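Asker: Note that our numbering numbers the sequence shown so that position 102 is 144, with each residue one more than the last.
We put the beta carbon where it would ideally sit given N, CA and C, even for glycine.
None of these values were measured; they are calculated from a predicted model.
To start, I am sharing the structure in question, which I have written as structure tokens.
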Amino acid sequence: MAVIGGGPGGTCAALALVRMAKERGQAIEVVLFEPKDFGAHYNQCAGVLSPPIQGVLRRELDLSLPPGLLQRKIAGYVLYGEHEILDMPVLEDGEATHAVRRVQFDRFLLDAAEKAGVQVERSRVYELEFGPQRVILYSDGGSWGADVVVGAFGLDRTVGEALADRTGYRLPPSLETLVTKIHPGGLEHVPALLQDRIHAFLPRLPAIEFGALIPKGNHITIIIAGRRVSVPDMQAFLDLPQVRRLLPQDRAIEHHFKGAFPVGPARRPYGDRYVTIGDAAGLVRPFKGKGITSAALTGIRAARTILDLGISEEAFRHYYAACADITRDLWYGRAIRHLARLTSKRLSLDPILQQAHRDPTLRRALYLCVSAQDTYRNIVHGSFRPRLLAGCLGSLAGWLGSRAVSPRSRRR
Ligand SMILES: Cc1cc2nc3c(=O)[nH]c(=O)nc-3n(C[C@H](O)[C@H](O)[C@H](O)COP(=O)(O)OP(=O)(O)OC[C@H]3O[C@@H](n4cnc5c(N)ncnc54)[C@H](O)[C@@H]3O)c2cc1C
């Protein structure tokens with residue numbers, strides 16, 4: 043069996059395959075292709091581990107993250123409008139959210155896979171051929187035969203297009219991201235950096251759909267996302283007064299890293315002898331992250347399907363159905379994303395945040411959206427009552443009214 047990609051999706055799928063096969067007394071060979079040397083090369087990420095990832099790793103793969111890997115426990119989230127701020131301390135009702143260095147997390151999972159018996163090939167797959175009995179994979183290190191291919195290559199165009207040519211698969215639609223970091227001190231851990239909170243922004247800047255500052259061990263990770271984002275967009279974000287206030291004055295920007303994340307499902311994400319997982323399948327909570335958790339979960343579900351049901355298109359239909367918790371949420375996430383964009387770009391988030399200060403149901407709904415601690419579906423069904431909608435519409439109408447009045451009053 044071949045797994046293309048050694049991010050959280052690929053490593054969890056490979057680990058689950060060898061672990062479950064061993065439990066059943068089945069002999070299988072799993073080869074995982076990963077060209078990056080984690081340490082010198084990175085997968086783009088803000089490194090926020092949202093629940094229930096640690097529980098999933100422990101329960102399904104018998105893996106506990108070493109305490110040194112968890113750089114900071116997240117104590118809360120702050121959501122910014124133009125002038126209003128909503129501080130949302132973490133609700134302590136389950137697994138905590140932690141900030142990690144993604145490169146260390148990837149290294150840990152890949153080492154665990156290798157120790158468990160997965161053969162790790164340090165090369166990039168660039169072509170695939172599907173025959174009636176085998177799939178042939180061509181990589182920088184040679185060619186390989188496999189019964190089935192698990193596509194865990196994220197949004198990589200090379201292998202995405204190779205798979206598309208052979209199967210009709212299409213990479214998911216995506217948003218671009220730009221990441222940079224700032225070290226406010228030296229290399230030592232900085233206590234209470236950004237009050238241990240993730241600061242989230244839906245700025246009016248046209249190119250940026252959202253931005254965030256994330257406190258890590260000794261540095262702050264800064265991320266912006268949009269259809270197309272560039273270094274000048276990052277500069278404009280850093281120059282926003284509310285962002286400037288959170289960062290040291292003499293900030294030195296280090297490198298910028300370009301990435302992307304999916305905002306919808308891939309086309310033909312599975313077929314005879316292949317299945318895609320994680321970002322490659324577009325199986326992530328849209329708009330606000332949790333991509334690591336989804337990649338791990340979908341990887342484990344794909345592995346279970348292969349061992350329980352086989353490697354046919356029909357078998358993988360069951361895998362996709364088992365991911366209904368994610369697929370059912372895609373449309374709700376898309377709707378919330380459009381609503382957030384409309385409010386922050388055309389109207390204003392300020393009246394909504396003012397309303398949230400008064401209304402605990404709205405406050406909780408915003409907290410669950412930003413912290414990713416529930417599905418959008420549950421948030422919509424659990425919170426969106428006529429009273430809440432009326433309150434939001436009333437606040438927005440009040441804000442629109444005040445804008446209609448102010449130019450005239452200025453002229454007088
Ligand atoms: C800027 C940014 C910030 C994010 N922040 C967070 C966050 O804080 N928390 C969170 O949960 N999620 C976050 N995400 C999302 C998260 O990173 C992804 O959803 C998650 O990594 C998906 O895992 P994956 O295994 O599917 O793919 P990836 O993590 O992308 O892994 C794919 C792997 O495949 C390898 N690969 C690619 N092409 C080939 C090839 N041809 N041959 C062999 N190997 C190949 C790559 O080297 C890579 O290691 C963020 C994403 C971005 C872009």
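1) Could you tell me the alpha carbon to alpha carbon distance between ARG406 and VAL232, rounded to whole angstroms?
2) According to DSSP, is HIS399 helix, strand or coil?
3) Looking at the strands, I want to know which residues DSSP matches up with TYR180.
4) Closest to VAL191 by CA distance: which of GLY313, PHE252, CYS411, LEU351 is it?
5) Short of 6 Å in beta carbon distance, which residues of its chain neighbour THR263, apart from the five on each side in sequence? Order them along the chain.
6) Do you know whose CA, among ARG359, ALA432, ARG199, THR403, lies nearest PHE303's CA?
7) Any chance the segment 290–302 sits against the segment 143–156, with 3 or more Cβ pairs inside 8 Å?
8) Rounded to a whole number of angstroms, what is the C-alpha to C-alpha distance between GLY306 and ARG269?
9) I want to check one thing, is the minimum distance from the CB of THR200 to the heavy atoms of ligand 1 below 8 Å?
10) So which of GLU126, ALA82, ALA308 has the shortest CA-CA distance to SER386?
11) So what's LEU197 in DSSP terms, helix, strand or just coil?
12) With a CB to CB cut of under 8 Å and the five nearest residues on each side skipped, what residues in its chain are close to TYR168?
13) Comparing the CB of GLU251 with every heavy atom of ligand 1, is any distance shorter than 8 Å?
14) Tell whether a beta-carbon distance below 9 Å holds between ARG143 and LEU105.
15) Can you find the residues in the same chain that come closer than 7 Å, C-beta to C-beta, to GLY123, ignoring five residues on each side of it along the sequence?
16) Closer than 8 Å to a non-hydrogen atom of ligand 1 - does that hold for the CB of VAL167?
17) Can LEU74 and GLN161 be called in contact, C-beta distance under 9 Å?
18) Note down, in chain order, each residue of its chain lying with its Cβ closer than 8 Å to the Cβ of SER185, except the 5 sequence neighbours on either side.
19) Less than 9 Å between the beta carbons of ALA308 and TYR374, yes or no?
20) Do you know how far the Cα of SER92 is from the Cα of GLN415?
21) Tell me, please, which residues DSSP counts as bridged to VAL221.
22) Please report the distance separating the alpha-carbon of GLN86 from that of VAL221.
23) Verify the contact flag: GLY81, CB atom, against every heavy atom of ligand 1, threshold strictly below 8 Å.
24) Quick check: is any heavy atom of ligand 1 less than 8 Å from the C-beta of PRO50?
25) What are the partner residues of ILE240, as DSSP defines its beta bridges?
Answerer: Quick look at the numbers:
1) 29 Å
2) helix
3) GLU169, SER185
4) GLY313
5) ALA88, LYS223, ILE256
6) That would be ARG199, whose Cα lies nearest to the Cα of PHE303.
7) No: fewer than three Cβ pairs fall under 8 Å.
8) 13 Å
9) yes
10) GLU126
11) Three-state DSSP puts LEU197 in coil, outside helix and strand.
12) TYR180, SER181, ASP182, THR200, VAL201, ALA204
13) no
14) no
15) If we look at GLY123 and ignore the five residues flanking it on each side, its Cβ neighbours are SER390, LEU391, ASP392, LEU395.
16) Result yes, Cβ under 8 Å from ligand 1.
17) yes
18) ILE178, LEU179
19) no
20) Going by the C-alpha atoms only, they are around 8 Å apart.
21) ILE265, PHE299
22) 8 Å
23) no
24) yes
25) For ILE240, which the question treats as bridged, DSSP gives the partners TYR119.
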